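Undergrad:
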Amino acid sequence: MKPAKPRVLVVPEGGIKLCFRLLPILRDAGCAIDVLCLRGEVIAASRYVDAVIEEGSDDALLDRLTTMVRRKEHPWRAVIVTHESLARRLISRADSDFLKWWQPGALDKTASPFLLSKLGLEAAWKNSDLPIPPSRVCMKREEILAFGSDTGWPVVIKPPLGNSGEGITIVGSSDALKSLQRGFQFPVLAQRFIRGREGVVEAVCSQGLALACLVSETIKRRKGRL
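Residue numbers are given in the working numbering: position 147 of the sequence shown equals residue 147, and the series is strictly consecutive.
#1: According to DSSP, is A32 helix, strand or coil?
#2: Between L65 and L36, is the Cβ-Cβ spacing less than 8 Å?
#3: Excluding sequence positions up to five away, which residues of its chain have a Cβ less than 7 Å from the Cβ of T151?
#4: Do V79 and L9 come within 8 Å of each other at the CB atom, strictly closer than that value?
#5: Decide if G148 is buried, meaning its Cβ has at least 16 other Cβ atoms within 10 Å, or exposed.
#6: Any chance you could list the beta strand (DSSP E) runs of at least 3 consecutive residues sitting entirely within the segment 33–66, in chain order?
#7: For the beta strand (DSSP E) holding K158, just list the boundary residues, first then last.
#8: Tell me, to the nearest whole angstrom, how far the beta carbon of Y48 is from that of P24; I am working on the premise that it is less than 8 Å.
#9: Does DSSP put S135 in a helix, a strand or coil?
#10: How many angstroms separate the CA atom of H83 from the CA atom of R21?
#11: Take A51 as the anchor and find which of D34, S174, L90, I170 has the nearest alpha-carbon.
#12: Terminal residues of the continuous beta strand (DSSP E) containing R77?
#13: Taking only the alpha-carbon atoms, compute the straight-line gap between V137 and F186 and give it to the nearest angstrom.
#14: For R141, report the span of its alpha helix (DSSP H) as first-last.
#15: Under a three-way DSSP split, which group does I170 fall into?
#16: Determine, using beta carbons only, whether R173 and L145 come nearer to each other than 8 Å.
#17: Alpha carbon to alpha carbon, what distance is there between E54 and L26?
#18: If the criterion is Cβ atoms closer than 8 Å, does the pair K158 and L189 meet it?
#19: Would you mind reading off the limits of the beta strand (DSSP E) that contains Q191?
#20: In whole angstroms, give me the CA-to-CA distance for K72 and R7.
#21: Here's a check: name, in chain order, each residue in its chain whose Cβ is nearer than 6 Å to the Cβ of W153, leaving out the five neighbours to either side.
#22: Exposed or buried, I43, counting other C-beta atoms within 10 Å across all chains shown (16 or more means buried)?
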(Lines of atoms letter the chains of each structure in order from A and count residues from 1; the text may use other names and numbers.)
(Lines give C-alpha, C1' and ligand atoms only; values in the text may rest on other atoms or scores of the structure.)
Protein backbone atom coordinates (compact mmCIF):
# COMPACT_ATOMS: atom_id res chain seq x y z
CA MET A 1 0.00 0.00 0.00
CA LYS A 2 1.43 3.36 -1.06
CA PRO A 3 1.86 5.99 1.67
CA ALA A 4 -0.58 8.89 1.52
CA LYS A 5 0.63 12.00 -0.28
CA PRO A 6 1.38 15.00 1.95
CA ARG A 7 -1.49 17.48 1.61
CA VAL A 8 -0.94 21.20 1.09
CA LEU A 9 -3.59 23.92 1.41
CA VAL A 10 -3.18 26.87 -0.97
CA VAL A 11 -5.13 30.11 -0.45
CA PRO A 12 -4.63 32.12 -3.68
CA GLU A 13 -4.86 35.78 -4.49
CA GLY A 14 -7.32 37.01 -7.10
CA GLY A 15 -4.76 36.78 -9.93
CA ILE A 16 -3.70 33.39 -11.23
CA LYS A 17 -0.03 34.00 -12.05
CA LEU A 18 1.49 32.73 -8.81
CA CYS A 19 -0.74 29.67 -8.57
CA PHE A 20 -0.11 28.80 -12.20
CA ARG A 21 3.56 28.47 -11.24
CA LEU A 22 3.04 27.06 -7.78
CA LEU A 23 0.53 24.24 -8.34
CA PRO A 24 2.57 22.17 -10.83
CA ILE A 25 5.66 22.53 -8.62
CA LEU A 26 3.74 21.22 -5.62
CA ARG A 27 2.32 18.37 -7.69
CA ASP A 28 5.79 17.43 -9.00
CA ALA A 29 6.99 17.42 -5.39
CA GLY A 30 4.44 14.67 -4.68
CA CYS A 31 1.84 16.76 -2.83
CA ALA A 32 -1.93 16.52 -2.92
CA ILE A 33 -3.29 20.07 -3.33
CA ASP A 34 -6.38 21.56 -1.69
CA VAL A 35 -7.48 25.11 -2.51
CA LEU A 36 -9.48 27.53 -0.36
CA CYS A 37 -10.84 30.34 -2.54
CA LEU A 38 -13.80 32.55 -3.37
CA ARG A 39 -16.66 30.93 -5.22
CA GLY A 40 -16.22 31.03 -8.99
CA GLU A 41 -12.45 31.62 -9.10
CA VAL A 42 -10.72 30.13 -12.13
CA ILE A 43 -8.18 28.20 -10.08
CA ALA A 44 -10.93 25.86 -8.86
CA ALA A 45 -10.95 24.27 -12.32
CA SER A 46 -7.19 23.63 -12.41
CA ARG A 47 -6.19 20.07 -13.26
CA TYR A 48 -3.60 20.17 -10.46
CA VAL A 49 -6.17 20.68 -7.68
CA ASP A 50 -7.46 17.68 -5.75
CA ALA A 51 -10.12 19.39 -3.63
CA VAL A 52 -11.71 22.86 -3.53
CA ILE A 53 -13.22 24.66 -0.53
CA GLU A 54 -15.20 27.75 -1.58
CA GLU A 55 -16.63 30.73 0.29
CA GLY A 56 -18.83 33.58 -0.92
CA SER A 57 -16.95 36.61 0.47
CA ASP A 58 -13.54 37.73 1.73
CA ASP A 59 -14.82 37.90 5.32
CA ALA A 60 -16.25 34.38 5.14
CA LEU A 61 -12.99 33.18 3.60
CA LEU A 62 -10.98 34.72 6.44
CA ASP A 63 -13.26 33.21 9.10
CA ARG A 64 -12.99 29.77 7.50
CA LEU A 65 -9.19 29.99 7.19
CA THR A 66 -8.79 31.20 10.79
CA THR A 67 -10.79 28.25 12.08
CA MET A 68 -8.85 25.79 9.94
CA VAL A 69 -5.33 26.90 10.87
CA ARG A 70 -6.08 27.24 14.58
CA ARG A 71 -6.92 23.57 14.87
CA LYS A 72 -4.20 21.66 16.69
CA GLU A 73 -4.59 18.83 14.20
CA HIS A 74 -5.38 19.32 10.53
CA PRO A 75 -4.58 17.30 7.40
CA TRP A 76 -2.16 19.76 5.75
CA ARG A 77 1.62 19.56 5.84
CA ALA A 78 1.76 23.25 4.94
CA VAL A 79 -0.71 26.11 4.51
CA ILE A 80 0.42 28.59 1.84
CA VAL A 81 -1.43 31.93 1.83
CA THR A 82 -0.46 33.93 -1.27
CA HIS A 83 -3.27 36.47 -0.78
CA GLU A 84 -1.28 39.27 0.91
CA SER A 85 -4.14 41.27 2.47
CA LEU A 86 -5.78 38.07 3.70
CA ALA A 87 -2.49 36.92 5.26
CA ARG A 88 -2.10 40.24 7.10
CA ARG A 89 -5.65 40.06 8.44
CA LEU A 90 -5.07 36.47 9.51
CA ILE A 91 -1.91 37.40 11.45
CA SER A 92 -3.57 40.44 13.05
CA ARG A 93 -6.33 38.34 14.61
CA ALA A 94 -4.11 35.43 15.67
CA ASP A 95 -3.01 34.69 19.22
CA SER A 96 0.59 34.23 20.38
CA ASP A 97 0.53 30.43 20.08
CA PHE A 98 -0.59 30.71 16.47
CA LEU A 99 2.15 33.21 15.62
CA LYS A 100 4.80 30.85 17.00
CA TRP A 101 3.44 28.12 14.76
CA TRP A 102 3.32 30.51 11.79
CA GLN A 103 7.10 31.00 11.65
CA PRO A 104 8.74 28.89 8.88
CA GLY A 105 11.29 27.56 11.36
CA ALA A 106 8.49 25.96 13.38
CA LEU A 107 6.86 24.24 10.41
CA ASP A 108 6.99 20.52 9.72
CA LYS A 109 10.56 19.40 8.96
CA THR A 110 9.57 18.59 5.37
CA ALA A 111 7.64 21.81 4.72
CA SER A 112 10.17 24.19 6.29
CA PRO A 113 13.10 23.55 3.89
CA PHE A 114 10.64 23.58 0.99
CA LEU A 115 9.47 27.10 1.86
CA LEU A 116 12.89 28.43 2.79
CA SER A 117 14.33 27.29 -0.55
CA LYS A 118 11.78 29.50 -2.31
CA LEU A 119 9.47 26.54 -2.92
CA GLY A 120 12.10 24.61 -4.81
CA LEU A 121 12.01 26.90 -7.85
CA GLU A 122 15.78 27.12 -8.21
CA ALA A 123 16.04 23.33 -8.02
CA ALA A 124 13.47 23.11 -10.79
CA TRP A 125 15.48 25.64 -12.80
CA LYS A 126 18.63 23.52 -12.52
CA ASN A 127 16.99 20.13 -13.02
CA SER A 128 14.50 20.97 -15.76
CA ASP A 129 16.27 23.81 -17.59
CA LEU A 130 13.48 26.24 -16.66
CA PRO A 131 14.30 29.96 -16.94
CA ILE A 132 14.19 30.70 -13.19
CA PRO A 133 16.77 33.34 -12.24
CA PRO A 134 19.03 32.45 -9.28
CA SER A 135 18.43 34.58 -6.19
CA ARG A 136 19.63 35.04 -2.63
CA VAL A 137 18.40 36.90 0.45
CA CYS A 138 21.29 39.18 1.49
CA MET A 139 21.80 40.79 4.89
CA LYS A 140 24.68 43.13 3.92
CA ARG A 141 26.37 44.65 0.87
CA GLU A 142 29.24 42.13 0.94
CA GLU A 143 26.73 39.30 0.47
CA ILE A 144 25.38 41.02 -2.66
CA LEU A 145 28.95 41.23 -4.00
CA ALA A 146 29.48 37.53 -3.30
CA PHE A 147 26.19 36.67 -5.02
CA GLY A 148 27.14 38.66 -8.13
CA SER A 149 30.53 36.95 -8.25
CA ASP A 150 28.88 33.53 -7.98
CA THR A 151 26.10 34.00 -10.53
CA GLY A 152 27.39 36.78 -12.79
CA TRP A 153 26.32 40.38 -13.38
CA PRO A 154 24.05 42.33 -13.76
CA VAL A 155 22.12 41.79 -10.54
CA VAL A 156 18.72 43.18 -9.49
CA ILE A 157 18.45 44.31 -5.85
CA LYS A 158 14.90 44.26 -4.50
CA PRO A 159 13.74 45.63 -1.13
CA PRO A 160 11.38 43.55 1.03
CA LEU A 161 8.62 46.16 1.03
CA GLY A 162 8.69 47.09 -2.67
CA ASN A 163 6.35 45.82 -5.34
CA SER A 164 5.68 46.22 -9.07
CA GLY A 165 9.25 47.36 -9.66
CA GLU A 166 9.22 49.98 -6.89
CA GLY A 167 12.59 50.58 -5.27
CA ILE A 168 14.60 48.07 -7.32
CA THR A 169 18.21 48.73 -8.35
CA ILE A 170 19.99 47.08 -11.28
CA VAL A 171 23.77 46.86 -10.76
CA GLY A 172 26.01 45.92 -13.67
CA SER A 173 29.25 45.01 -11.90
CA SER A 174 31.01 44.70 -8.55
CA ASP A 175 32.70 48.07 -9.12
CA ALA A 176 29.32 49.69 -9.78
CA LEU A 177 27.96 48.28 -6.51
CA LYS A 178 31.00 49.46 -4.53
CA SER A 179 30.66 52.98 -5.95
CA LEU A 180 26.89 53.13 -5.40
CA GLN A 181 26.18 55.83 -2.82
CA ARG A 182 22.64 54.88 -1.87
CA GLY A 183 22.07 52.59 1.09
CA PHE A 184 19.78 49.58 1.25
CA GLN A 185 17.19 48.53 3.78
CA PHE A 186 18.29 44.99 4.60
CA PRO A 187 17.41 42.24 4.10
CA VAL A 188 17.19 42.58 0.32
CA LEU A 189 16.65 40.04 -2.41
CA ALA A 190 19.48 39.83 -4.95
CA GLN A 191 18.44 38.26 -8.25
CA ARG A 192 20.34 37.58 -11.46
CA PHE A 193 19.00 40.02 -14.06
CA ILE A 194 17.91 38.41 -17.32
CA ARG A 195 17.25 41.05 -19.95
CA GLY A 196 13.91 41.01 -21.71
CA ARG A 197 12.18 38.73 -19.19
CA GLU A 198 9.59 39.70 -16.61
CA GLY A 199 10.64 38.59 -13.15
CA VAL A 200 8.15 38.04 -10.33
CA VAL A 201 8.88 38.03 -6.59
CA GLU A 202 6.63 36.86 -3.79
CA ALA A 203 7.58 36.77 -0.12
CA VAL A 204 6.61 34.72 2.90
CA CYS A 205 6.15 37.39 5.57
CA SER A 206 5.23 37.62 9.23
CA GLN A 207 4.38 40.91 10.92
CA GLY A 208 5.94 42.87 8.07
CA LEU A 209 9.24 40.97 8.02
CA ALA A 210 10.36 39.00 4.98
CA LEU A 211 11.11 35.44 6.10
CA ALA A 212 11.56 33.78 2.73
CA CYS A 213 11.18 34.84 -0.89
CA LEU A 214 9.91 33.10 -3.98
CA VAL A 215 11.32 34.14 -7.34
CA SER A 216 10.20 33.07 -10.77
CA GLU A 217 9.30 34.37 -14.17
CA THR A 218 5.85 35.11 -15.44
CA ILE A 219 4.72 32.02 -17.33
CA LYS A 220 1.97 32.41 -19.88
CA ARG A 221 -0.97 30.07 -20.15
CA ARG A 222 -0.29 27.08 -22.34
CA LYS A 223 -3.08 25.87 -24.59
CA GLY A 224 -5.58 27.80 -22.48
CA ARG A 225 -5.06 25.57 -19.43
CA LEU A 226 -3.83 26.43 -15.96
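Even glycine gets a Cβ: it sits at the ideal position worked out from N, Cα and C.
Bear in mind that the values here come from a model prediction, so they are computed numbers and not experimental data.
TA: Taking the definition as stated:
#1: Looking at A32 - three-state DSSP - the assignment turns out to be strand.
#2: yes
#3: P134, R192
#4: yes
#5: buried
#6: As far as the segment 33–66 is concerned, its whole beta strand (DSSP E) runs of at least 3 residues are 51–55.
#7: 155–158
#8: 6 Å
#9: Three-state result, S135: strand.
#10: 15 Å
#11: D34
#12: 76–81
#13: 9 Å
#14: 141–151
#15: strand
#16: Note that residue 173 corresponds to Ser in the displayed sequence, not to Arg. Result no, Cβ atoms of S173 and L145 do not sit closer than 8 Å.
#17: 20 Å
#18: The answer is yes: Cβ separation under 8 Å.
#19: 188–192
#20: 16 Å
#21: Exclusion of the five residues before and after W153 leaves G172, S173 as the residues of its chain whose Cβ lies within less than 6 Å of its Cβ.
#22: buried
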